[in-house]
Structures are given as C-alpha cells and as structure tokens.
Amino acid sequence: MVKPRFLGRADTFMDDLLNDFLAETAEILAEAGGAIIAWEADPADRAQLDAIFRLVHTIKGSSGFLALPRVTALSHAAEDALDQVRRGNRQANAALVTGVLGIVDRLSDLCTALGQNGVEPAGDDRDVIGALAEPDSPGDAPFDVAGVPLRRDDDFQAELQSWRSIRVPLPLLDSVMTGVTDIVLARNEFARMLRESGADPSVIASFDRLSDSIAGMRQSVSQMRMQRIDKLFAPLPRIVRDLAQDMGKKIAFQTSGGEVELDREMMENIRDPLIHIVRNAIDHGVESLEDRVAAGKDITATISVSARQSGNQIEIEIRDDGRGLSPDALVAKAIASRAVTASEARALGPKEKLDLIFRPGFSTAAKITAVSGRGVGMDIVKANVEKIGGVVELRNDEGRGLTILLRVPMTLTIISGLMVRAAGQYFAIPRGAVREILLESGDTVRVDRVGGGELATVRGEQYPLLRLEAVLGCERDDSDDADDRALVIVRPGQGQSYALSVAAIHDHEELVIKPAAPMIMATGLYAGTTLPDNGRPVLLLDVQGLLAVAAVDATESGRSHDRMVEAEAQAAAARGAAQLLLFRDVGGRVRGVRLSVIERVEEVPASALFESAGRVQAQIGDDIFAVHTARLPDAQVTQKLLRLHDGHSVLCYPIAEVIDIVRLPDAVQPSAAPGLIAGIVLVGGDPVELIDPFWLMEQYAGGVATPSQREPLCRLADDHDGWGDNFLAPILRNAGYRVASGDEATDEAPDVLLCLTEDDGLCVHAAGEVPVIRLRTTIAAAGPEDETVYRYDRQALLDALRRRVGGERA
Amino acid sequence: MMEKLYLIARIADTRVALRSRAINSVVTVGTPVEVPGAPPHVTGLFALRSRVFTLIDPHVVVGLPAVPVAPGQRVIVVDVAEHGYALLADEIEDVCFIDAPETRVAGKLLPGWARVADAMIEHRGASLLVVDPSHFITLPVLNAA
Numbered sequence: 020m021v022k023p024r025f026l027g028r029a030d031t032f033m034d035d036l037l038n039d040f041l042a043e044t045a046e047i048l049a050e051a052g053g054a055i056i057a058w059e060a061d062p063a064d065r066a067q068l069d070a071i072f073r074l075v076h077t078i079k080g081s082s083g084f085l086a087l088p089r090v091t092a093l094s095h096a097a098e099d100a101l102d103q104v105r106r107g108n109r110q111a112n113a114a115l116v117t118g119v120l121g122i123v124d125r126l127s128d129l130c131t132a133l134g135q136n137g138v139e140p141a142g143d144d145r146d147v148i149g150a151l152a153e154p155d156s157p158g159d160a161p162f163d164v165a166g167v168p169l170r171r172d173d174d175f176q177a178e179l180q181s182w183r184s185i186r187v188p189l190p191l192l193d194s195v196m197t198g199v200t201d202i203v204l205a206r207n208e209f210a211r212m213l214r215e216s217g218a219d220p221s222v223i224a225s226f227d228r229l230s231d232s233i234a235g236m237r238q239s240v241s242q243m244r245m246q247r248i249d250k251l252f253a254p255l256p257r258i259v260r261d262l263a264q265d266m267g268k269k270i271a272f273q274t275s276g277g278e279v280e281l282d283r284e285m286m287e288n289i290r291d292p293l294i295h296i297v298r299n300a301i302d303h304g305v306e307s308l309e310d311r312v313a314a315g316k317d318i319t320a321t322i323s324v325s326a327r328q329s330g331n332q333i334e335i336e337i338r339d340d341g342r343g344l345s346p347d348a349l350v351a352k353a354i355a356s357r358a359v360t361a362s363e364a365r366a367l368g369p370k371e372k373l374d375l376i377f378r379p380g381f382s383t384a385a386k387i388t389a390v391s392g393r394g395v396g397m398d399i400v401k402a403n404v405e406k407i408g409g410v411v412e413l414r415n416d417e418g419r420g421l422t423i424l425l426r427v428p429m430t431l432t433i434i435s436g437l438m439v440r441a442a443g444q445y446f447a448i449p450r451g452a453v454r455e456i457l458l459e460s461g462d463t464v465r466v467d468r469v470g471g472g473e474l475a476t477v478r479g480e481q482y483p484l485l486r487l488e489a490v491l492g493c494e495r496d497d498s499d500d501a502d503d504r505a506l507v508i509v510r511p512g513q514g515q516s517y518a519l520s521v522a523a524i525h526d527h528e529e530l531v532i533k534p535a536a537p538m539i540m541a542t543g544l545y546a547g548t549t550l551p552d553n554g555r556p557v558l559l560l561d562v563q564g565l566l567a568v569a570a571v572d573a574t575e576s577g578r579s580h581d582r583m584v585e586a587e588a589q590a591a592a593a594r595g596a597a598q599l600l601l602f603r604d605v606g607g608r609v610r611g612v613r614l615s616v617i618e619r620v621e622e623v624p625a626s627a628l629f630e631s632a633g634r635v636q637a638q639i640g641d642d643i644f645a646v647h648t649a650r651l652p653d654a655q656v657t658q659k660l661l662r663l664h665d666g667h668s669v670l671c672y673p674i675a676e677v678i679d680i681v682r683l684p685d686a687v688q689p690s691a692a693p694g695l696i697a698g699i700v701l702v703g704g705d706p707v708e709l710i711d712p713f714w715l716m717e718q719y720a721g722g723v724a725t726p727s728q729r730e731p732l733c734r735l736a737d738d739h740d741g742w743g744d745n746f747l748a749p750i751l752r753n754a755g756y757r758v759a760s761g762d763e764a765t766d767e768a769p770d771v772l773l774c775l776t777e778d779d780g781l782c783v784h785a786a787g788e789v790p791v792i793r794l795r796t797t798i799a800a801a802g803p804e805d806e807t808v809y810r811y812d813r814q815a816l817l818d819a820l821r822r823r824v825g826g827e828r829a
Numbered sequence: 010m011m012e013k014l015y016l017i018a019r020i021a022d023t024r025v026a027l028r029s030r031a032i033n034s035v036v037t038v039g040t041p042v043e044v045p046g047a048p049p050h051v052t053g054l055f056a057l058r059s060r061v062f063t064l065i066d067p068h069v070v071v072g073l074p075a076v077p078v079a080p081g082q083r084v085i086v087v088d089v090a091e092h093g094y095a096l097l098a099d100e101i102e103d104v105c106f107i108d109a110p111e112t113r114v115a116g117k118l119l120p121g122w123a124r125v126a127d128a129m130i131e132h133r134g135a136s137l138l139v140v141d142p143s144h145f146i147t148l149p150v151l152n153a154a
C-alpha cells in the first residue's frame, strides 16, 4: 500500500498536483489489486475487465500530465495488454494477471519513492513490462498500426462519478472536529448562564433550536471521519492469491459487509491484525490438497471475511473451513515451548486450551514458515485489538474450520463512558468494560475484609475488590455520603473481572477521548483524557492498568462456576483427600488449615507456655516447641494448640476452639502476597481465611534445633523427563533430604529410592536392602494392594519417606 | 527578527528569558483537575479551547517544593511532541527584543537549573538564564527518586 504523504514544501501548484496524484493513485492501485483477482477468477466478467482498464488508464492520463515517464510507460504497457483482451485479441490467463500485478506493484513502489523525494527515481522497468508480453504471438499486433488508442464511452463513467465526492486533507477534518467540540462546550456554558439568569422562555426556545442544530452538526462531523471498511478489505484478495499460489493451495476468498463504516483511526489499528489472521488461515488453517481430499472436503477451501455493525460496535468475522484448532495439539505445543507447565496444562478447560494461541511466543505451525512464523503472533493481534477497546473471540470447530471474531468499537475517539466520583473528583470508565453497577450498601452485595484484602460477593460470585481511592493513592473525600458508594463490576478483558468501589456514580456520557501526556499515560492508571460538557477535563481510567497497579489477580478461572464438567471432576478427585480444619483463633476469627498438616490438637496448661529469646515456646511432655504468637496468651487455665507438622519440625498454633472439619472448597481466592493467609475460601457461604502452613513453618524453621545427624539421601530413579529434578527435588530438599538423581554415580548407598516410573521392570536400581517408593502419575490407586504414591500428593510422599527411612527421623 | 524575541518571566522564583518561538501562548488558568498517581511536577489538567493541557510546576523540576495554583494565575503554554503543556509562571514580565547575543552559561548553577538552562543573555543590566521550556516537561531521575 502506498501511503500518500503531504509534502512539507507543498506550496507550489505542481506539488499540490503531485500530492493529489499520489493520493488518487494509492487508492486506485489498492482497488485495482482486488479487481484483478476477481477478474482472474472469472475472465468472462467484462465489467471487471473494463473497471481495471479504466483504473490503469486514469493513472496513465494523470502521469502524462505530470511528466512521470516511468509511471506512464508502466501504465501504458498494462493498458495495452488489457486492451488486447478487451478486443478479443488475447486470452486472459494466469501469466497475464501476474504480469499486470507486477506492474501494479512497481507502480506502488514508484509512488512511495515519489512521495518521499518528490521526483521519480531513475530505473529500468523492462523486466516487468517484458513479463507482460505475449509469449506465443510475437508479431501479429494489429494495434501497432492504429497508433491512437481508441477510447470508449464507458471509460468515462468512473471519471464522472468522482465528481460526487471531493478530497479533503485530514488535518482540515480534524480541525473541523475540534471547532465543533469548541462550539458544543461554548453552548453548554451558555445554556447554564441562560438558566441561571432566568431568561425569557422565547429566548430559551430559540437557543434550544440552535442547540439542536449544533448537536446535528457534531454528529455529521463524526461521520466525516468514517470510512467504508471496503478500504480495509481491498488488499486482502491479493494477499490470499499470492499466498495460496506460493503454498499450492486452492482458496476461494469472499468478503461481505464492505459498506460498514469505521473511524479511520480504528481502521489503521485493525489493518495488521486482520492481515495476520488471514495469512494464518491460509498458512495453518487450510490443509494441503491431499489432506482436504482425505478429509472428504472440497478441494477448494473457502475463506470469508465479513463485517457487520451491531450497536456501536463493529464485528469482523474471519472464517475458514480448514482443520480448525486441536486443543490437545495446542497444549502439547505450549508445553514444548515452555509457555505452560505440564501441571498447569492439566488444569486448563477446553476454552482455556484454545486461548493458549494468545500466549506470547506461541506458534501453532509445526515448523516456522516464511509466511506467518515471523515472531508476530496472535498475542500481538490480541494486544492490538484490545488496545483500541476491542475483543478477539475464537469459535473453533475442530476438523471443520475456525472462525475468529474481532469486535471493535466503531470509533476510537468517541466512546460511551461511565462517570464516577472518587476522592472528590470525576473519572470516566469505558462503558464497554462495565458489566454491572451495584450500590455497595445493597442487599445483593456483601463485602468482606479478609487477610488484609477485600472481597465482594455478588449473588454468590466472588470478585476481588479494589477501592479507587486506594489504587490512585488518594484520601477519601469526607463530604461523600457512604450510602452513595457503589460497586462497578468491571471486565477489563476475557476471563477477568473485579469490583471497583467508587464514592458515587454520576452518569453516562458520550466522551471524546484524547491521549494524555506521556508521563500521565506512564502511570498505567489512565487511558486518556476527555472533556465532558462542563468543560473540566476528566481522566479516563485504564481498567486493565488499575489491576496491574493494584497487583491483584483478577482471573476468573478458579472462581468461575461455568468451568467444564470434566475439568471439575478431575480437580475434585485431586482434592478428594483435602480436608479443612475450621477453628476459631485466639482473636475470635474463623480460620482454616489443611487437616493433613495437623499432627494433633493439644490442650496444655497455661503454665506450659513460656517466653524465651523473644519467642513464645510451649513445653509438651519432654519436648519444647515454637508457638506462633506474638505474646503469651492471657492467663487461662488451659490453652489449645494445633500441632502442625511438616515431616521435619513441629510448630504450635494457639486457637480458641476447633469448629469443624469440612471438605476444602474448590474455589480459593489467593492472597496478593505470601503471608500467614494463603487465601480465602467460602465455607457454608462465609469467607474463611486459609492458613499457609508452608509460610508459617518457614518463619520458624531457623528456630528449631536441627538434628545433627546426617540428612538421608534420596535417589531418584528413571527420571526420564526431568520431572524429578525440576519438581520433586526442591520439595525433598526442603523436607531435609539430600537428593541424587539416577544418572549421577555416587559411592554412597541411598537411604531410599524413589522410582518415577510405575513399570517394575524398568526400575533397574531397585536392588538390595534399599527401600523403594514408587510414584504413579494417576490419581487413583490401582487397587488396595497398590503401594505407589501419587506424585503430586506431597504429604503422602513425605509420610512414605518418613516411614521408609525409619526411626532415625522420628 | 523572531530569534531575538524573548518572553521575560519569573518561573520557579527565578527571572528567565524564554525564546518566543518555543511558546504557544500565555493564558490564565482556573483550578486544575488533579491527576492522582502522576509524577510530582504534574500539577493537574486544564482545558483551553477544547484541548486538554498538562500543567507543570517548574518549582518541582528545579528541586523546590511545589506551590499551589492561585486562581487566575498565568501559565506559559508550550507544545512538546504534539502534547500541550503549561508551565506555571510566578509572574509574566514582558515580551521584548533583546539584541545582545546568547552566551554560554557562566558560573555554577544548581543541578535543577543546570539541566533546563541553555544559555545566558544580558537584558537591561541583568543576566537572565535562557531556558528551554521542553526541559521542564520531563522530570530528572534524581528528583523522581
């Protein structure tokens, strides 16, 4: 595509002409590319042929006037060849079309150079002109004699039509837009003054008439920035043709909905994503001819691009009937490229598996091809579309095709915004990201303060709660009425949501958005500025950026209820043994801890607790244990203690009473930072803070006298995929074992052997007196005799180790 | 001729000369809209002829404490990289032609001033710093820390 540039020194008449020529030619060339492809598909289509002829002819005419000899020669050659076809002296074939396209490309290059330098560069075009020459009939060209090419009446039709529109420089359009916005602001100011001065009703009536026509004008000016989406589709047929030819695929390409209009800035932003998706469809989506035959499909694949308007959004659908996406292949690919770990991958639902293609650095092609594997991936596509407030959706029909839906707002500059108040000033939130608005004091909302964070529960759904004042680092305004506080449920992107608490909701407005100064954008909090009708600037909040600044994980997975059944069943099985001990702590709060880490509940006399070296300790029997408390509990007769055991040391946690033992709920809302509270779960509708025993033990690990005996040696056998080294070894070392992997030769006999394969025969190390623990990859045990341990069951594994290694560790 | 035209103003408690071609206009502002979370030299936003301008406090840029904006205070409007900014001015003195040549900055300036000053110029028996308004837009790393 040639981008017409307005030359810096465009003061002279000649430069103006040249600029006009470049702008016009760029448009013509884009149109010609599409028309030529359409004509190639149906050479009998006389109308298309005539259209192409006219386009080339126009270029030739204008270039002759501007004395651009190379452009004239090129367009003349193309015109000649096409004219012969029109006269029936030559057949249209692929060679001719390729030749004409070659000329179109050369013309584009020349125009780019012209736009930059102002002069036509020197060069030789015989190569592309020669490619047009008819190979088999060199001599019999009757038009040589004619000398003057005949012009037909229909050549002039296009020229007549061009009278119905004019070319306006974009800066002029923008200044009209600014002017109208000024008028609107002045009108609002004036309206306020009129109301306050108690003006005559007849004055107000005529002012209202003025006001209406201003509103109409603002509407028209916004429409002036709109362009038909045709322009975006124009280069696609050419791309599809060239690519399909390169790859030996047969593709029928269709576009529809070209009359839909879109703001020209939005157009720029989705051009590259669209081209990328179409290239992907040809390269990865459409199968090779043989595969299509084998799959019983039509040998010619279909790719269609269609646009339609729905509300103030535009939907662009790119549909192919290729092989679609295979979730399993995506997962394998993602693991191989280290985008996800194997355990993460297992937890993914079908939709999440598809979404893997949006991960950075992910490429679905088995090998990187010249076409689409150039480091620009779907992650960039998604980022570009989301940058302008759009969404990318996938509709996959495995084996039968993939549809990608781009949904973007109609204009970048005017959006519907929700005005909210916080810290005594107004902020705007893009309406498209707002899912629901609720009064914070309403019946459907429950706000819980847990583990230093806040959680909003709306009709059973949990959302992390962000207070706008806190995120922005402001004080709350005292004059705000607490009853006005509202929750805005925000969905910044797919699979994410949170509740934003604001002092009050103001209203909805159509807002003209302008980018803010770089240092304001750099805060990550704002997406731009806008001037509402009162003339005071308002900042547009970046709903995604707020999350990043607040460092809150807002992903819905894990707290969403619509997760697929199979994933649910799998996850539930994994947690089958996980039970939660609910207790009331000494502060009266209800907390929970995994039952598996509790050795027993002790009740000790208050006198058994003492302070030593700044830490509270408890004497139980002949042993002394650390107690997790800042100070000695108030004088009581007895104190209940939870004895937490990690297989290595014991820590006591004082509690008031044990409440219940329940199944650990599925949804855990994790805490933002590691600490005593691992996260929050709902038990019987009430939030419960989940104690993190790992963190807790870590705090006291140094305080426990380490036994001086040598640490037992664990040998990992048959660790073929590195799982043992990567996953298991750190856990074992934490638990006080030394680890040797199977391949290292050591003199020392291991104390225990961990077999990572289930197959008996393979575990060659299994010999002699060394106890063996076998790990299995499936959750379910093979039978009652099965002594293997599920490899992700940390506690069972450590228990087994402790039993095998024997009494020395007890 | 334009090269010799300077705006004499007092900004950040110092009399300076600003080259007039760097300046868009001088206007008065009302109360700006605050930008929570923005760097300390950003006083706020205000609108002028349907454009939003970012108000900069030069005091903070040269290392002085911020000063509150008085209603009706005059500001120097400049365009930097297609964004509109306004520098809070303590006082606008004059726009005048200065025939004297710009000279190299002599003497040691405070670090804050050394960064924004381009040259010196002699005007009516006083030496003025010639400052580039675009240097006030970005905050030096030292100050931000």
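As they're listed, the protein sequences go chains Z and B.
Quick note: the first sequence uses my numbering, first residue 20, plus one each step.
Quick note: the second sequence uses my numbering, first residue 10, plus one each step.
We treat Cβ as the ideally placed atom computed from N, Cα and C, and that holds for glycine.
All of these numbers come straight from a predicted model, not from anything done at the bench.
DSSP three-state assignment for residue i, whether helix, strand or coil
i	result
residue 40 of chain B	coil
residue 467 of chain Z	strand
residue 335 of chain Z	strand
residue 81 of chain Z	helix
residue 26 of chain B	strand
residue 98 of chain Z	helix
residue 33 of chain B	coil
residue 495 of chain Z	coil
residue 712 of chain Z	helix
residue 668 of chain Z	coil
residue 719 of chain Z	helix
residue 624 of chain Z	strand
residue 124 of chain B	helix
residue 690 of chain Z	coil
residue 113 of chain B	coil
residue 794 of chain Z	strand
Buried or exposed by the 16-neighbour rule on C-beta atoms within 10 Å, applied to residue i
i	result
residue 285 of chain Z	buried
residue 269 of chain Z	exposed
residue 299 of chain Z	buried
residue 360 of chain Z	exposed
residue 362 of chain Z	exposed
residue 185 of chain Z	exposed
residue 108 of chain B	exposed
residue 129 of chain B	buried
Proximity below 9 Å, CB of residue i to CB of residue j
i	j	result
residue 40 of chain Z	residue 82 of chain Z	yes
residue 485 of chain Z	residue 569 of chain Z	yes
residue 835 of chain Z	residue 420 of chain Z	Because chain Z in this structure spans residues 20 to 829, residue 835 of chain Z falls outside the shown range and cannot be described.
residue 18 of chain Z	residue 642 of chain Z	Within the shown structure, residues of chain Z are numbered from 20 to 829, placing residue 18 of chain Z beyond reach of any answer.
residue 47 of chain B	residue 539 of chain Z	yes
residue 522 of chain Z	residue 510 of chain Z	no
residue 57 of chain B	residue 42 of chain B	no
residue 846 of chain Z	residue 121 of chain Z	Look at the range of chain Z in this structure, 20 to 829, and you will see that residue 846 of chain Z is not part of it.
Those residues which DSSP pairs with residue i across a bridge
i	result
residue 681 of chain Z	Z:599
residue 415 of chain Z	Z:421
residue 520 of chain Z	Z:486, Z:506
Residue i Cβ short of 8 Å to the ligand NAP heavy atom set
i	result
residue 72 of chain B	As for the ligand NAP, it is missing from this structure, which has no ligand bound.
Quiz prompt | Any beta strand (DSSP E) of 3 or more consecutive residues that is wholly inside the stretch 39-97 of chain B | solution = 51-57, 60-65, 82-89, 92-97
Self-check item: Length at least 4, wholly inside the stretch 299-368 of chain Z: the alpha helix (DSSP H) runs in chain order
Solution: 308-313, 346-355, 361-365
Quiz item: Which runs of the beta strand (DSSP E) spanning at least 3 residues fall entirely within the stretch 229-281 of chain Z, listed in chain order?
Solution: 245-247, 270-275
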